[in-house]
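**Student:** The structure under discussion is supplied below as structure tokens; questions concerning it will follow.
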DNA sequence: CGCATTTAATCCATAATCTGAACTAAAGGT
DNA sequence: ACCTTTAGTTCAGATTATGGATTAAATGCG
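Protein chains in written order, with the numbering used here: chain A, 2 to 365; chain B, 2 to 365.
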């Protein structure tokens, strides 16, 4: 029905830049009449805006371009991580309209005060943009999640925390914030704000090593939301002990505590280069398994791997070429992430915006 | 629009067994009027049939149950494998209406004569069920595929074979057969004809080791259709050489040539038990990586692993428990496949039927 | 046995929405 | 000025979902 067609038209506007009604009719296969009616609805909902056509020297009446409007609808992205809290407001055009971060050692605190502090941060951030209507909120957490709860976030010390149960849950548009894994959201952030292609595996090198697979703009979440745990993929049977209690996991080779700082590498420290070689080879082995299983179009190294990329990438590529050469035409390209440490908060906001674009009728 | 609602109603009938129009209205949220009109369309298309309600001792007018009809629409499943060709016709209810297999050593032949023989087999099989309207055909091949071509099937010796290019392509309803990987289709076959849950990783132990992930009734295919190559997932860095040119792949530990025959195991051969332990441990390691990345709801061992299941499973489970215990509430359940070597042909037919159920309007 | 009750399914008028043709609007070319 | 070209709207018509009333077919009770 019309909800579907609204999403179809809005999707074309979001994907293909500013378009006239005539061009939209061509692209969607709908008639000009229908497109006009749908665009009128989108205009009154504040989702799109008109702009005089920037066109020169062509025959015929110039069309009016329809583009996403950043002036009305926006989304709230939130993040709780080991060393900080973050909040941001992103409008429909992808422009960051407000952003706040506070440093905090959340390992030492219980969930309630941490979420209360996040609540204050969210309120302050929202106060910066009083004119925007917030369509929803998503919270990024480094751990496993489901629906409205954090199952287990080892680095925060959280276990089975229902955020809607807290005395004063963070609500936007009468609905509580949804929770999602940090690596998954960072992947979405890279999709929306980075330079990655439409189909890639994002590798998040943070306190742990996670991954998020983006396919056709959607995320692979797994049966219980636990997909993408790249950090505990087998690198060597009987290898070094890992924090998880097992042996030979990727995290034991390429986790944050065994990686050299960029400073050591810039100083040409031979020990640091050797550590990168070891981590790069291990990453290559784990990623070769991931490529065999998931067949991503590209691999994007994010988080703490970004500054180390020049030292890691040659080793990763060497192992991928070696292990995948005979199995496929070419291994997927390996790229550094274009987004920084804020990829996850931005991705959290992006997830809300994707929902709005996919179902504009739900806004009213 | 109505195409969507037709699929909605048909989906409920297919999923939830026979249902009355009133029950369908309840389930779909549509009005009884709309459901009646949609069911009338489905009846005239021959997709569903009416049956007098089997109900006893309840008040009120008894409803007429609507169920899938096996009398009109069916699908053709085809398979080319190393040692045989197979074809089957499956109707909408999932009943196999015709089935033929011929043994053939396809390693020795070029693609053209093999596909010509398959064409004859398909024609013979279709001649057994002249009253059924065939909605489409899918061909299962042990190798990597894309759209209408086989990219590389190492065990057949095929490379870049376009099946629509052959002089007399296999056509059904004016469209050529689609091609799909054998392990993926076997997964679908297990979903439709086996006892597996709705969400699982199917492991196909055939000449190579492949896997197919079923999620919500759909298949994970990957960016280039190469997903599910479990056979070359890393088990041990620097392990034994694999046919692919690399080292330490699962196939080198648990491929067909290193597995004992069931006869040796039944005779309590200690060497055979040791080989199963080694293969089971390797499978466990590779599957632990797969679970960390994909988070399947269950794992189903199929193909040649079925008769070996009692000897393999304890070792697989032990490794999964050991490696996943701390990371998730419980590892996914490990089950033997309920379907036999015909899982892939049946799955090929099932894929056609899924298309019909998802878009009944396309049949006319 | 007849009638109220209950549930299933259809009939019919209404409303929403997409379509297609005709029409108006706004530009360039001659 | 006037024709051509392209954009967008108006208006009648067709399709399809909705909601209430009606008919159909069973059970239960007097």
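Cβ coordinates follow ideal geometry from the N, Cα and C atoms, glycine included. Just so we're clear, the structure is a prediction, and the values are computed from it rather than from any experiment.
My guess is that residue 344 of chain B and residue 187 of chain B are in contact by the Cβ rule of under 8 Å, so how many angstroms apart are they, rounded?
**Tutor:** The count along the second chain starts at 1 and reaches residue 344 of chain B at position 343. The count along the second chain starts at 1 and reaches residue 187 of chain B at position 186. Contact flag correct, Cβ pair sits at about 4 Å.
**Student:** What does residue 245 of chain A touch in chain B if you count any residue whose Cβ is under 7 Å from its own?
**Tutor:** Taking the first residue of the first chain as position 1, residue 245 of chain A is located at position 244. In chain order: 327, 328.
**Student:** Under 8 Å between the Cβ atoms of residue 75 of chain B and residue 98 of chain B?
**Tutor:** As a position in the second chain, residue 75 of chain B is number 74, starting the count at 1. As a position in the second chain, residue 98 of chain B is number 97, starting the count at 1. Against a cut-off of 8 Å, the Cβ pair of residue 98 of chain B and residue 75 of chain B comes out as a contact.
**Student:** For the stretch 186–246 of chain B, which segments carrying the beta strand (DSSP E) assignment without a break, of at least 3 residues, lie completely within its bounds, in sequence order?
**Tutor:** Qualifying beta strand (DSSP E) stretches, in chain order: 201–206, 210–216.
**Student:** Can you list, in chain order, the residues of its chain whose CB lies under 7 Å from that of residue 254 of chain A, leaving out five sequence neighbours each side?
**Tutor:** Stepping through the first chain from its first residue, residue 254 of chain A is reached at position 253. Result list for residue 254 of chain A: 236, 279, 280, 283, in chain order.
**Student:** So with Cβ pairs under 8 Å, would you call residue 234 of chain B a contact of chain A?
**Tutor:** Position 233 of the second chain, counted from the first residue, corresponds to residue 234 of chain B. Chain A contact via Cβ: present.
**Student:** Quick test of the definition: if touching needs 3 or more C-beta pairs under 8 Å, does the stretch 173–191 of chain B touch the stretch 140–155 of chain B?
**Tutor:** The stretch 173–191 of chain B vs the stretch 140–155 of chain B: in contact.
**Student:** In chain A, what lies closer than 7 Å to residue 297 of chain B by C-beta?
**Tutor:** Here residue 297 of chain B refers to the residue found at position 296 of the second chain. Ordered by position in chain A, the residues that pass the 7 Å Cβ test against residue 297 of chain B are 224.
**Student:** In the structure shown, what three-state DSSP assignment does residue 1 of chain B receive?
**Tutor:** This structure cannot settle anything about residue 1 of chain B, because the visible part of chain B is limited to 2 through 365.
**Student:** Using a cut-off of 7 Å between C-beta atoms, extract the partners of residue 256 of chain A located in chain B.
**Tutor:** Residue 256 of chain A sits at position 255 when you count from the first residue of the first chain. Chain B residues near residue 256 of chain A: none, gap ~14 Å exceeds 7 Å.
**Student:** Name the chain B residues that come within less than 8 Å of residue 231 of chain A, Cβ to Cβ?
**Tutor:** As a position in the first chain, residue 231 of chain A is number 230, starting the count at 1. Here the neighbours are 293, 294.
**Student:** State the CB to CB distance for the pair residue 103 of chain B and residue 86 of chain B, rounded to an integer number of angstroms; the pair is presumed to be in contact (CB under 8 Å).
**Tutor:** The sequence position of residue 103 of chain B within the second chain is 102, counting from 1. The sequence position of residue 86 of chain B within the second chain is 85, counting from 1. Going by Cβ atoms, the distance from residue 103 of chain B to residue 86 of chain B rounds to 5 Å, so yes, they are a contact pair.
**Student:** Starting from the C-beta of residue 315 of chain B, find all residues in its chain whose C-beta is less than 6 Å away, skip the five residues before and the five after it, and write them out in chain order.
**Tutor:** As a working mapping, residue 315 of chain B is identified with position 314 in the second chain. Closer than 6 Å at Cβ, skipping near neighbours: no residue.
**Student:** Quick one: is residue 366 of chain A near chain B, going by C-beta distance under 8 Å?
**Tutor:** Since the first residue of chain A shown is 2 and the last is 365, residue 366 of chain A is not available in this structure.
**Student:** Taking DSSP as the reference, what is the three-state secondary structure of residue 252 of chain A?
**Tutor:** Here residue 252 of chain A refers to the residue found at position 251 when the first chain is read from its first residue. Residue 252 of chain A: helix per DSSP, three-state reduction.
**Student:** Within a Cβ cutoff of 6 Å, which residues of the same chain sit near residue 159 of chain A, ignoring the five residues on either side of it in sequence?
**Tutor:** Working through the first chain from its first residue, we reach residue 159 of chain A at position 158. If we look at residue 159 of chain A and ignore the five residues flanking it on each side, its Cβ neighbours are 112, 151.
**Student:** Is residue 75 of chain A close to chain B, meaning its C-beta is less than 8 Å from at least one C-beta of that chain?
**Tutor:** For the purposes of this step, residue 75 of chain A is taken as residue 74 along the first chain, with counting starting at 1. Not closer than 8 Å to any Cβ of chain B, the Cβ of residue 75 of chain A fails to qualify, so no.
**Student:** Taking the C-alpha atoms as reference points, what is the distance between residue 59 of chain A and residue 17 of chain A?
**Tutor:** Reading the first chain from its first residue, position 58 is the one you call residue 59 of chain A. Reading the first chain from its first residue, position 16 is the one you call residue 17 of chain A. Their backbone Cα atoms lie some 21 Å apart in a straight line.
**Student:** For residue 150 of chain A, which beta-bridge partners are listed by DSSP?
**Tutor:** Taking the first residue of the first chain as 1, we reach residue 150 of chain A at position 149. According to DSSP, residue 150 of chain A bridges with A:147, A:163.
**Student:** How is residue 126 of chain A classed by DSSP in three states: helix, strand or coil?
**Tutor:** By 1-based counting over the first chain, the position of residue 126 of chain A is 125. If DSSP states are grouped into helix, strand and coil, residue 126 of chain A belongs with the helices.
**Student:** Quick one, which residues of the stretch 192–224 of chain B are near chain A if we go by CB-CB under 7 Å, in chain order?
**Tutor:** Flagged, chain order: 200, 223, 224.
**Student:** For the stretch 284–294 of chain B against the stretch 219–234 of chain A, are there 3 or more C-beta pairs whose distance is under 8 Å?
**Tutor:** Verdict: yes, contact present.
**Student:** Using the three-state DSSP reduction, which class does residue 92 of chain A fall into: helix, strand or coil?
**Tutor:** Within the first chain, the letter at position 91 stands for residue 92 of chain A. Here residue 92 of chain A sits in strand by DSSP.
**Student:** Using only the alpha-carbon positions, how far apart do residue 205 of chain B and residue 335 of chain B sit?
**Tutor:** As a first step, residue 205 of chain B must be located in the second chain, where it is residue number 204. As a first step, residue 335 of chain B must be located in the second chain, where it is residue number 334. Roughly 14 Å between the two C-alpha positions.
**Student:** For residue 55 of chain B, I'd like the list of residues in its chain whose CB is within less than 6 Å of its CB, leaving aside the five on either flank, ordered along the chain.
**Tutor:** Taking the second chain and counting its residues from 1, the one referred to as residue 55 of chain B is at position 54. Excluding sequence neighbours, residue 55 of chain B sits near nothing in its chain.
**Student:** What do you get for residue 62 of chain B, buried or exposed, if any count of 16 or more other CB atoms within 10 angstroms of its CB means buried?
**Tutor:** Position 61 of the second chain, counting from 1, holds the residue named residue 62 of chain B. So residue 62 of chain B ends up on the exposed side.
**Student:** On the DSSP letters alone, give me the boundaries of the beta strand (DSSP E) that residue 182 of chain A sits inside.
**Tutor:** In the first chain, counting from the first residue as 1, residue 182 of chain A sits at position 181. Element bounds for residue 182 of chain A: 179–182.
**Student:** In the stretch 310–361 of chain A, which residue ranges form an unbroken beta strand (DSSP E) of at least 3 residues, counting only runs that do not cross its ends?
**Tutor:** If we require 3 residues or more, the beta strand (DSSP E) runs fully inside the stretch 310–361 of chain A come out as 334–337.
**Student:** Under 7 Å between beta-carbons, which chain B residues line up against residue 238 of chain A? List them in chain order, please.
**Tutor:** Working through the first chain from its first residue, we reach residue 238 of chain A at position 237. Here the neighbours are 236, 237, 286.
**Student:** Kindly say whether residue 324 of chain A, judged by its beta-carbon, lies nearer than 8 Å to any beta-carbon of chain B.
**Tutor:** Position 323 of the first chain holds residue 324 of chain A. Yes, contact with chain B.
**Student:** Run down chain B in chain order and give the residues with a C-beta less than 8 Å from the C-beta of residue 138 of chain A.
**Tutor:** Numbered from its first residue, the first chain carries residue 138 of chain A at position 137. Here the premise fails: no neighbours, minimum Cβ distance about 25 Å.
**Student:** From the DSSP output, which residues share a beta bridge with residue 78 of chain B?
**Tutor:** Residue 78 of chain B sits at position 77 when you count from the first residue of the second chain. B:89, B:139.
**Student:** Kindly confirm or deny that the stretch 195–203 of chain A and the stretch 308–322 of chain B touch, where touching means at least three C-beta pairs closer than 8 Å.
**Tutor:** No, because fewer than three Cβ pairs between the stretch 195–203 of chain A and the stretch 308–322 of chain B fall closer than 8 Å, the two stretches do not touch.
**Student:** Per DSSP, residue 69 of chain A is paired with what?
**Tutor:** The sequence position of residue 69 of chain A within the first chain is 68, counting from 1. Answer is A:49.
**Student:** Short check: CB of residue 140 of chain B to CB of residue 108 of chain B, under 8 Å?
**Tutor:** Here the question's residue 140 of chain B lines up with position 139 in the second chain. Here the question's residue 108 of chain B lines up with position 107 in the second chain. No, these two residues do not count as a Cβ contact at 8 Å.
**Student:** Go to residue 29 of chain A, then tell me how far its alpha helix (DSSP H) extends in each direction, as first and last residue.
**Tutor:** Here the question's residue 29 of chain A lines up with position 28 in the first chain. Residues 22–29.
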